[in-house]
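Following: one structure in structure tokens, then a few remarks.
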Amino acid sequence: MNVPSRSKPDADEAGREAPAPTVSVVVPTYREAANLAALAERVDAALSGCGIEWELLFADDDSDDGGAAVAAELARRLPVRFETRREPRRDLSLSVLYGIRLARGARIVVMDADLSHPPESIPELLRALDGGCDIAVGSRYAPGGGIDRNWRLSRLLVSRAATLLARPLTSCSDPMSGFFAFDRSVVPDLGALRPIGFKIALELIVRGNLRVGEVPIEFRERGRGASKLGIRQQIDFFHHLYRLYAFRHGGPLRLLCFGLVGASGFAIDVGCYLALQWAGVEHRLARFLAFWPAVSWNWLLNRRITFRDRVPETPARQWTKFVAGSLFGLVVNVGSYAALTSCIAFFDANRLLALVVGVGLGSLVNFLFATMYVYRRHGTGRRDSPAEADG
Ligand code: GDD
Ligand code: MN
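Here the sequence shown is numbered in our numbering, starting from 680 and rising by one per residue.
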């Protein structure tokens, strides 16, 4: 996937390798030709002014707007590189990873091309790293930060909602920011990262368990070109969040999933029970028959969602195990109800409570049976948390 660089700032005219810069500014680009020059000038002013050795690396998704030529022109006088990624599906986060791999600096800064992020704040990000954090994030929501007034209310709300959804994953005030800096040595193995879509900083923070430092920034709406944040990127965001939740809170998430699947199965159970009687089936027979579609539904959803990362097994065999587990759960459910109401006066007086306890115990048994026996964990090198598997 590595494509030779179109410009070679790292080798001088005699072909000698220039020393690696201290800082690599990695900028994902897709159709940003109109912004490259202004960005490079401002990065130059901000960093050369502080005596920092830098390179600016555009990680481009094979844009068709002449960005490569613009960058080649810039590279005649500035340490600018333009690296083209050629993959069937363009992706901001994967482009950033691609750029980080090709970057030569020990310190990496990631930012947007459209001048939304002020290059003048880069030195402050670097100082924050010196101060001891693992990743310094340019934050719109830290005290002193802000957002362009031109931002539409809808966009502001979406941004706020996304930040809120990520709250259980990080305490960073703006994990949605695409402006951040880190030392290459602190990040996890890049191969272990599995970002999708726009939120690469969030991925790094969560999977790398990084200590976050924040630098307030004033976010400006882009002047030129168009935003690439569309519906697909928003759907990707949910997928990405789900994966990170699974990574961080795998056990509870699986339990929740199992519970939701169980609830949907219960609805099917009741629906079939009523429908069968409506069709004239005797109620006990209806009760017996309704169990099968419901249990099969649960088995399938758990196979596809809750335990999608587990070892795939032949459906018939696994279904049989699942039914066995469910019957066992039923015995525990009804058995504990009978035991509680016959042995404990309190439960005899509050039978509904005994029923709830029975359902709870039965479900727990079902869950343990499923997680330890039905949806096997071993056999392949697949990861062990829901949704870590692709899909
Ligand atoms: N290589 C590549 N591939 N780059 C991309 C792609 C892609 O598919 N999509 C977008 N980019 C680049 C853009 O060219 C720009 O440099 C940067 O990523 C951000 O894209 P925008 O289209 O300007 O996105 P935005 O303004 O909606 O989102 C920005 O603001 C968010 C905060 O609200 C980005 O900075 C996000 O990272 C940030 O979270
Ligand atoms: Mn933008």
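Note that beta-carbon positions come from the ideal geometry of N, C-alpha and C, so glycine has one too.
A quick note: this is a predicted structure, and the numbers were derived from the prediction, not measured.
Thr708 lies in the alpha helix (DSSP H); which residues open and close that run? For Thr708, no alpha helix (DSSP H) segment is defined; the enclosing uninterrupted segment is the beta strand (DSSP E) at 702-708.
If you measure from each residue's Cβ to the nearest non-hydrogen atom of the ligand MN, which ones come out under 7 Å, in chain order? Result (chain order): Asp791, Asp793, Ser795, Arg901, Ser906.
Just checking, does the region 913-927 make contact with the region 867-882 on the three C-beta pairs under 8 Å criterion? Contact holds: three or more Cβ-Cβ distances are below 8 Å.
Continuous beta strand (DSSP E) stretch holding Trp733: start and end: Per DSSP, Trp733 belongs to the beta strand (DSSP E) from 733-739.
With H, G and I counted as helix, E and B as strand and the rest as coil, what does DSSP make of Arg786? Note: Arg786 maps to strand in three-state DSSP.
Taking only the alpha-carbon atoms, compute the straight-line gap between Gly778 and Arg933 and give it to the nearest angstrom. Near 34 Å, if we compare the C-alpha coordinates of Arg933 and Gly778.
Check whether the Cβ of Gly857 lies closer than 6 Å to any heavy atom of the ligand GDD, and answer yes or no. At least one heavy atom of the ligand GDD is nearer than 6 Å to the Cβ of Gly857, so yes.
Just how far apart, CA to CA, sit Arg828 and Arg780? Distance between Arg828 and Arg780, taken at the CA atoms: about 36 Å.
Could you have a look at Ala821 and say whether DSSP puts it in helix, strand or coil? In this structure, Ala821 counts as coil in the three-state DSSP scheme.
Taking the alpha carbon of Leu771 as the point to measure from, which residue in Gly950, Met790, Ala995, Ser1015 has its own alpha carbon closest? The shortest Cα separation from Leu771 among Gly950, Met790, Ala995, Ser1015 belongs to Met790.
Check whether the Cβ atoms of Val702 and Ile731 lie closer than 7 Å to each other. Yes; because the gap between Cβ atoms is below 7 Å, this pair is in contact.
Do Glu893 and Ser818 have their C-beta atoms within less than 7 Å of each other? The criterion of a C-beta distance shorter than 7 Å is satisfied by Glu893 and Ser818.
Any chance the region 1010-1020 sits against the region 971-985, with 3 or more Cβ pairs inside 8 Å? No, the region 1010-1020 does not touch the region 971-985.
Assuming Gly860 contacts Leu805 (C-beta within less than 8 Å), just tell me the rounded distance between them. According to the sequence provided, residue 860 is Ala. The question's Gly does not apply to it. That pair is a contact at about 6 Å.
What is the DSSP secondary structure of Asp791, reduced to helix, strand or coil? DSSP places Asp791 in coil when its eight states are reduced to three.
Contact check, Ala751 vs Phe737 under 8 Å by CB: the rounded distance? Actually they do not touch by this definition, with Cβ atoms about 11 Å apart.
Exposed unless 16 or more other CB atoms sit within 10 angstroms - verdict on Phe945: Label assigned to Phe945: exposed.
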